[in-house]
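Student:
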Amino acid sequence: MQTLPKPSYLKIVVTGPFGSGKTTFIKTVCGDILGTDRNVTSPYEKMVKRKTTVAFDYGKVYVKNIPIHLFGTPGQTRFQFMIKVLTVGMHGYIFIIDGSSIKEVLRGKILYDNMLSYSRYPHIIAINKQDIRGSLSLSEVSKIMNISKDRLYPLIALDKNSALRILNVTVDKILTHRLLIQKKLRNIRYKI
Ligand SMILES: Nc1nc2c(ncn2[C@@H]2O[C@H](COP(=O)(O)OP(=O)(O)OP(=O)(O)O)[C@@H](O)[C@H]2O)c(=O)[nH]1
Ligand SMILES: [Mg+2]
164 MQTLPKPSYL KIVVTGPFGS GKTTFIKTVC GDILGTDRNV TSPYEKMVKR KTTVAFDYGK
224 VYVKNIPIHL FGTPGQTRFQ FMIKVLTVGM HGYIFIIDGS SIKEVLRGKI LYDNMLSYSR
284 YPHIIAINKQ DIRGSLSLSE VSKIMNISKD RLYPLIALDK NSALRILNVT VDKILTHRLL
344 IQKKLRNIRY KI
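Residue 164 is where the sequence shown starts when you use this note's numbering, and the numbers rise one by one after that.
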């Protein structure tokens, strides 16, 4: 396989519905993060949790000696406009879905379809909270989302090994995608 010089950095966006575990994921992977969690004000969401991301999370980590800049989006629907802001210049994204209930997976499907409608970037879908008893299996999530099971990755965002595995797979996907684009460009050069 052809090789390419390593990218000088990668920007990866961590997104998904309210409370799916985006901030937890970035904290677990990076340790120290710049966060913007504030008290939840809406009555329904207050029943789910106390704090929510209102602007973005930021953390930096190295994978294969490449600096990775992780940006986490807010999950509340009223802050959805931030996704467009934060995805500018990204190389790929991690879409985190809370797999602990059918309702959360359905919520994830709607937002994932929306994400696909404006961004065709290398990404992975991580099914989080696999440590919670009664969480849906990947096969069940695959049926609900109408997506091949091979495209779903189990995640426990509270667990460092699990979170790092997801990040490594995402970086590999981005690097493979980069190589593929380069190969296509070379082919055109030879044909013309
Ligand atoms: N059991 C379990 N709980 C988790 C896991 N990941 C996150 N949580 C919990 O889920 C809740 C929401 O996590 P956050 O990281 O705040 O979720 P978020 O997606 O950043 O939420 P918003 O920014 O409000 O959209 C918290 O209580 C976390 O502790 C996990 O893998 N297992
Ligand atoms: Mg958050």
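C-beta atoms are modelled at their ideal positions from N, C-alpha and C, and glycine is treated no differently.
The structure displayed is predicted, hence computed values, not measured ones.
Rounded to a whole number of angstroms, what is the C-alpha to C-alpha distance between ILE287 and SER205?
Tutor: 30 Å
Student: Using a Cβ-Cβ cut-off of 8 Å (strictly less than) and excluding sequence neighbours within five positions of ASN331, which residues of its own chain qualify?
Tutor: VAL226
Student: What are the boundary residues of the alpha helix (DSSP H) that includes TYR281?
Tutor: Element bounds for TYR281: 265-281.
Student: For MET253, which residues from the same chain have a beta carbon less than 6 Å from its beta carbon, with the 5 sequence-adjacent residues on both sides left out?
Tutor: LYS174, VAL176
Student: Here's a check: name, in chain order, each residue in its chain whose Cβ is nearer than 6 Å to the Cβ of LYS190, leaving out the five neighbours to either side.
Tutor: ILE196
Student: Enumerate in chain order the residues of its own chain whose CB-to-CB distance from MET278 is below 7 Å, with the five nearest sequence positions on each side excluded.
Tutor: For MET278, the CB contacts under 7 Å within the same chain, skipping 5 residues up- and downstream, are THR178, PHE258 in chain order.
Student: Let me check you understand the geometry: is the CB of ILE351 closer than 7 Å to at least one non-hydrogen atom of ligand 1?
Tutor: no
Student: What span of residues does the alpha helix (DSSP H) with THR186 cover, start to end?
Tutor: Boundaries of the alpha helix (DSSP H) harbouring THR186: 185-193, taken from the DSSP string.
Student: On a Cα-Cα basis, can you pick out the residue from PHE181, MET308, TYR284, ALA218 that is closest to THR339?
Tutor: TYR284
Student: Express the C-alpha separation of LEU269 and THR215 in angstroms, rounding to a whole number.
Tutor: 20 Å
Student: Using a threshold of 8 Å, state whether the C-beta atoms of THR199 and VAL217 are closer than that.
Tutor: Yes, the pair counts as a contact, with Cβ atoms nearer than the cut-off.
Student: Could you check which residue in ASN350, ASP335, LEU321 has the C-alpha nearest to that of ILE295?
Tutor: LEU321
Student: Leaving out the 5 sequence neighbours to the left and right, which residues in its chain are closer than 6 Å to GLY222 when beta-carbon positions are compared?
Tutor: ILE189, CYS193, ILE196, LEU233
Student: Measuring from each Cβ to the nearest heavy atom of ligand 2, keep the ones under 5 Å and list them in chain order.
Tutor: LYS185, THR186, THR216
Student: Assuming GLY255 and LYS336 form a contact by the criterion Cβ under 8 Å, report the distance between their Cβ atoms to the nearest whole angstrom.
Tutor: 6 Å
Student: Tell me the residue span of the alpha helix (DSSP H) that contains PHE244.
Tutor: 244-249 is the span of the alpha helix (DSSP H), which, as asked, contains PHE244.
Student: Taking a contact to mean a Cβ-Cβ separation below 8 Å, would you say LYS292 touches LEU301 in this structure?
Tutor: no
Student: The beta strand (DSSP E) spanning TYR225 covers which residue range?
Tutor: TYR225 -> beta strand (DSSP E) spans 220-226.
Student: For THR187 and LEU327, what's the separation of their Cα atoms in angstroms?
Tutor: 12 Å
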